[in-house]
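Those protein sequence lines, which keep their order, are chains A and B. Just so we're aligned, residue 39 is where the first sequence starts under the working numbering, counting upward by one. Just so we're aligned, residue 39 is where the second sequence starts under the working numbering, counting upward by one.
Protein chains: 2
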Amino acid sequence: MPQPRLTDDQRRAALAELPQWTMAEGREALQRRFTFRNFNEAFGFMARAALTAEKMDHHPEWSNVYKTVDVVLATHDAGGLTELDLKLARAMDRIAATMGA
Amino acid sequence: MPQPRLTDDQRRAALAELPQWTMAEGREALQRRFTFRNFNEAFGFMARAALTAEKMDHHPEWSNVYKTVDVVLATHDAGGLTELDLKLARAMDRIAATMGA
Numbered sequence: 039m040p041q042p043r044l045t046d047d048q049r050r051a052a053l054a055e056l057p058q059w060t061m062a063e064g065r066e067a068l069q070r071r072f073t074f075r076n077f078n079e080a081f082g083f084m085a086r087a088a089l090t091a092e093k094m095d096h097h098p099e100w101s102n103v104y105k106t107v108d109v110v111l112a113t114h115d116a117g118g119l120t121e122l123d124l125k126l127a128r129a130m131d132r133i134a135a136t137m138g139a
Numbered sequence: 039m040p041q042p043r044l045t046d047d048q049r050r051a052a053l054a055e056l057p058q059w060t061m062a063e064g065r066e067a068l069q070r071r072f073t074f075r076n077f078n079e080a081f082g083f084m085a086r087a088a089l090t091a092e093k094m095d096h097h098p099e100w101s102n103v104y105k106t107v108d109v110v111l112a113t114h115d116a117g118g119l120t121e122l123d124l125k126l127a128r129a130m131d132r133i134a135a136t137m138g139a
């Protein structure tokens, strides 16, 4: 069953609840930059987040340059944000928090 | 000891030897897109390449969207391409080849 797209109110509430995420420029998507101490930690975060994403069958768009990981979350099938994106954003925040980022 | 930047001749020879890589737009860097069957394979490739990169202490700039991995290689300290980039490009090609990409 496809996820329903968030309403404007739901999107606003989600942004309030996820203070480190912002709306991506020019599209309905969430973005956050995670900064770690080095590549080992940055890729360690990616490995943990990848396992979570695969389990959810919902995957990030992300890029990595040394200790930085830039993440964009959106639900392509829904043409915007859904509860899946919020769930993955929260999970990534939790993983990063255990790693001091 | 910093790596010396490749000469024009060395760069041309490298591109001939690495037919799936091209020069990035507007900068002295190599780029290649790797396409796999799914996220599991794409991230598996990234995990193997990350171990190689960490061992070399030379890291890619890369992004991943589901089954696609876009890689850019350059040596920041040298302001362009060095032998390290060629070594990492060859290693990534070898890893991808074992995964059917």
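For glycine and all other residues, C-beta sits at the position ideal for the given N, C-alpha and C. Keep in mind the model is a prediction, meaning the values are calculated, not measured.
is_contact[residue i, chain A] using C-beta, thresh 8 Å
i, result
"Phe83 (chain B)", "no"
"Phe77 (chain B)", "yes"
"Glu121 (chain B)", "no"
"Glu99 (chain B)", "yes"
For residue i, three-class secondary structure by DSSP
i, result
"Gln48 (chain B)", "helix"
"Gly82 (chain A)", "helix"
"Glu63 (chain A)", "coil"
"Arg70 (chain B)", "strand"
"Thr113 (chain A)", "strand"
"Thr90 (chain A)", "helix"
"Asp123 (chain B)", "helix"
"Asp108 (chain A)", "strand"
Cβ pair residue i, residue j closer than 8 Å
i, j, result
"Thr113 (chain B)", "Gln69 (chain B)", "no"
"Leu56 (chain A)", "Ala91 (chain A)", "no"
"Arg49 (chain B)", "Thr106 (chain B)", "no"
"Ala87 (chain B)", "Met130 (chain B)", "yes"
CB contact below 8 Å: residue i versus chain B
i, result
"Ala88 (chain A)", "yes"
"Glu92 (chain A)", "yes"
* Determine which residues of the stretch 58-69 of chain B have a Cβ less than 8 Å from any Cβ of chain A, and write them out in chain order. => none
* Asked: If you measure beta-carbon to beta-carbon, which residues of the stretch 107-134 of chain A are closer than 7 Å to chain B?
  -> none
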